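Right, one structure below, let's go through it.
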Amino acid sequence: MDYLINIANILYLVSFLVRDILWLRILIVIAERSAPTDVVAIEETHYMSWPKDKADLQSALQLTLGFDLSQRLEASYAR
């Protein structure tokens, strides 16, 4: 049961890291998948945000990254 609490805490912390596009790209590279969307920046970009009325986008990103992270943690415990 303790590991579930630890996973939940990790997912909570990861949700804050999603705001940085660099972390998103790193997780995508680790997952060895193509990005679910393309981001085009017209100048150097260190931060990605979206309007507050697009909460569904934030939820989708957090859900996708949280699911991927939980699979990775589960696989590492299985070893």
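Under this note's numbering, the first residue of the sequence shown is numbered 16, with each subsequent residue one higher.
Glycine included, every Cβ here is placed at the ideal spot set by N, Cα and C.
The model shown is predicted, which means the values in this text are computed figures rather than measured ones.
The beta carbon of Gly-81 sits closer than 6 Å to those of Leu-26, all from its chain and outside the five residues before and after it, given in chain order.
If you draw a straight line from the Cα of Ala-75 to the Cα of Ile-57, it is about 25 Å long.
Here the alpha carbons of Glu-89 and Asn-21 stand approximately 12 Å from one another. Taking 7 Å as the cut-off, the Cβ atoms of Leu-78 and Val-29 do not count as close.
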